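Student: Sharing a structure with you now.
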Amino acid sequence: MKKIILAQFIVLLGGTLFAWANFIMEFLKWTGKSARTTGCAGGLVNPFLSSCFYGAIFFTIALILSIIILKKSQK
Numbered sequence: 894m895k896k897i898i899l900a901q902f903i904v905l906l907g908g909t910l911f912a913w914a915n916f917i918m919e920f921l922k923w924t925g926k927s928a929r930t931t932g933c934a935g936g937l938v939n940p941f942l943s944s945c946f947y948g949a950i951f952f953t954i955a956l957i958l959s960i961i962i963l964k965k966s967q968k
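Structure below.
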């Protein structure tokens with residue numbers, strides 16, 4: 894069971910890093926003078942309304958819960 898919990902943590906960590914990296918790239922494009930390209934926002938102007946932002950939030954919540962479960966399983 895501990896291997897499954899550890900694997901879940903690793904997958905969620907990777908997903909969280911990927912989601913926040915995508916959001917940060919969209920945010921930097923939004924705040925900078927660079928050319929606007931279609932990414933996660935899919936035509937939206939504000940990156941805080943994009944699926945990348947919501948995905949990053951949900952992945953972060955799941956990662957926090959996974960950390961709590963991982964710590965409790967090690968006791």
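Residues in the sequence shown are numbered from 894 upward in steps of one, following my numbering.
C-beta: ideal position from N, C-alpha, C; glycine also.
It should be emphasised that the depicted structure is a prediction, and the values quoted were computed from it without experimental measurement.
Please classify residue 915 as buried or exposed, where buried requires at least 16 other C-beta atoms within 10 Å of its C-beta.
Tutor: For the purposes of this step, residue 915 is identified with residue 22 of the sequence shown, where counting begins at 1. Answer is buried; the Cβ neighbour count reaches 16.
Student: Run the CB neighbour count on residue 941, radius 10 Å, all protein chains shown included, and call it buried at 16 or more, exposed below.
Tutor: Numbered from 1 along the sequence shown, position 48 holds the residue referred to as residue 941. By the 10 Å Cβ count, residue 941 comes out exposed.
Student: Contact between the segment 918-926 and the segment 954-961: three or more CB pairs below 8 angstroms?
Tutor: no
Student: Check this for me: beta carbons of residue 952 and residue 921, under 8 angstroms apart or not?
Tutor: Residue numbering aside, residue 952 sits at position 59 when the sequence shown is read from its first letter. Residue numbering aside, residue 921 sits at position 28 when the sequence shown is read from its first letter. No, Cβ-Cβ distance for residue 952 and residue 921 is not below 8 angstroms.
Student: Below 6 angstroms CB to CB, which residues in the same chain sit around residue 963 once its five sequence neighbours on both sides are set aside?
Tutor: Locating residue 963 in the sequence shown gives position 70, where the first residue counts as 1. The residues are 898 and 902.
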